[in-house]
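Worksheet for the structure shown next.
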Amino acid sequence: MTGADRLVIRRPDDWHLHLRDGAMLAAVLPATARGFARAVVMPNLVPPVATVRDAAAYRNRINATAKGGARFTPLMTLYLTDSTDPEEVEKGFNAGVVFAAKLYPRGATTNAESGVTDVARIAPVLARMEEIGMPLLVHGEVTDAGVDVFDREAVFIDRVLAPMMKDFPGLRVVLEHITTTEAVDFVAGGPERLAATITPHHLMVDRNHMLADGIRPHLFCLPVVKRASHREALRRIATSGHPQFFLGTDSAPHAVAEKEAACGCAGIFNAPVAMEAYATVFEEEGALDALENFAAHFGAGFYGLPVNEETLILERDPWTVPEIVDVAGAAARGGVRPFLAGETINWRVAGIGPPSKGPVL
Ligand code: DOR
Ligand code: ZN
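For the record, in the sequence shown the residue sitting at position 141 is 141 according to the numbering used here, with numbers rising by one throughout.
Right, dumping it as structure tokens:
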């Protein structure tokens, strides 16, 4: 095997992940832990993870499920609501239980019914987070029925994010799962305290893939995939070596029955193919040497965490993505269908390697 067929990078982290709970958690966690060392775990359970106690209990359930697999650290988030108490947020952060807080505009996506109706209502929480240096993770879409679903991210940036950045000049903000040229430009032109995560599916898929050849419910997620020019902008910035853009899969499993329905829900389960998909995109862009920074350095740098000691080994070894990942018990309902199911992908995660001898950059 030549150098071009084998890639050894620092073990990466997933800075945006949905792990769910119970049987679904048990079914999907191994796909993440086989590669990623740490993951920022989204709090949109039903009911949401809205207190420090909820976050600690959820972390225990994840750790119990992860036991026996590769070393894996969940980084917990708190779900902000109109009535979140700044004291609770600070308590969780100072105790090391809660890593960041998540802003879902109410109704913006899956399990966002308890989200925030108006950012003005959480101003005291944001002020406290700014003071203590706690990051805010943002689902950046407005929810007004009058705004076209394809415009909701761009309108959010204008109406909500830009004013928020001014009103809280010390707040650290991550605009999650960006999908538009507008988001790329806003973050690239913003201060270092602003960053963005990019998913594998938004790098690989545009709305033609989802709609032009029949409707493909397994490619539906929120923010929804946009026209091709936006995808190209995402590919350019992800592979450019810009440190404010880093990996966040937004892997979001749903049972097949809930995706293939009259009103199918949003979310793409990409954990079984995530690093493989990123490697494919970076190779297509002639930028494989930029993958390690995107996947393992920039996120850690933004959050002030050390880079992982271990390495991840990827090999060029074509394999076919499984059609279904089974879920035990009642939660099964047809299992979960991974992103790129049935397709052949050239890169394969071969395993986790020992600590790298090279310098930690
Ligand atoms: O497509 C999505 N699915 N977007 C989100 O923001 C949430 C996620 C989920 O939880 O299923
Ligand atoms: Zn998400």
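Ideal placement from N, C-alpha and C gives every residue a C-beta, glycine not left out. Note that the structure is a prediction, hence the values are computed from the model and not measured.
| Asked | Found |
| --- | --- |
| Three-state secondary structure assigned by DSSP to Thr65 | helix |
| Tyr303 (DSSP reduced to helix, strand or coil) | helix |
| beta-carbon Asp21 near the ligand ADP non-hydrogen atom, thresh 6 angstroms | Absence of the ligand ADP is noted for the structure shown, with the ligand DOR and the ligand ZN being the only ligands found. |
| The alpha helix (DSSP H) enclosing Gly92, as first and last residue numbers | 86 to 94 |
| Bridge-paired residues (DSSP) for Trp15 | Paired residues: none, contrary to the question. |
| Secondary structure of Glu283, DSSP reduced to three states | helix |
| Exposed unless 16 or more other CB atoms sit within 10 angstroms - verdict on Glu260 | exposed |
| Per-residue burial, Ile198 [other beta carbons within 10 Å of its own, 16 or more giving buried] | buried |
| Supposed contact pair Glu90 and Ile132 - C-beta distance, whole angstroms, cut 8 angstroms | 6 angstroms |
| Length-filtered (4 minimum) alpha helix (DSSP H) runs lying within the region 93 to 170 | 123 to 132, 152 to 156, 162 to 167 |
| Environment of Ala279 [buried if 16+ CB atoms lie within 10 Å] | buried |
| Reference Gly342; option with closest CA among Asp167, Val155, Ser114, Pro318 | Pro318 |
| Distance between Val307 and Val360 (C-alpha atoms, nearest Å) | Confidence in Val360 is poor, its pLDDT being 46 and thus under 50, which makes the residue's placement unreliable; the coordinate value appears in the next sentence. Roughly 7 angstroms between the two C-alpha positions. |
| C-alpha gap between Gly241 and Leu80, whole angstroms | 32 angstroms |
| Ala290 vs Arg10 beta-carbon contact at 7 angstroms | no |
| Outcome for Arg337 when other beta-carbon atoms lying within 10 angstroms are tallied against a minimum of 16 | buried |
| Where Leu25 falls: helix, strand or coil (DSSP) | helix |
| Residues that Glu343 bridges to, as DSSP identifies them | Glu343 pairs with nothing; no bridge assigned. |
| Cutoff 7 angstroms; reference Gly301; Cβ partners in own chain excluding five residues on either side | Pro243 |
| Which listed residue (Leu288, Asp326, Ser229) has its alpha carbon closest to that of Leu314 | Leu288 |
| Close beta carbons around Ala195, own chain, < 6 angstroms, minus the five adjacent residues each side | Val174, Gln244, Phe302 |
| Rounded separation between Cys265 and Ala183 - CA only | 24 angstroms |
| The ligand DOR heavy atom lying under 6 angstroms from the CB of Thr109 | yes |
| heavy atom of the ligand ZN below 6 angstroms from Met24 C-beta | no |
| Cα-Cα separation between Arg61 and Glu130, rounded to whole angstroms | 30 angstroms |
| Closer than 6 angstroms: His202 CB and nearest the ligand DOR heavy atom | no |
| Val371 in three-state terms, based on DSSP | Residue coverage of the chain in this structure runs from 1 to 361, which leaves residue 371 outside it and unanswerable. |
| Near the ligand DOR: Cys221 beta-carbon under 6 angstroms from a heavy atom | yes |
| Collapsed DSSP secondary structure at Phe246 in the structure displayed | strand |
| Helix, strand or coil at Ser251 [DSSP, three-state] | strand |
| Distance, Leu136 Cα to Thr181 Cα | 22 angstroms |
| Three-state secondary structure (DSSP) of Pro74 | strand |
| Helix, strand or coil at Glu232 [DSSP, three-state] | helix |
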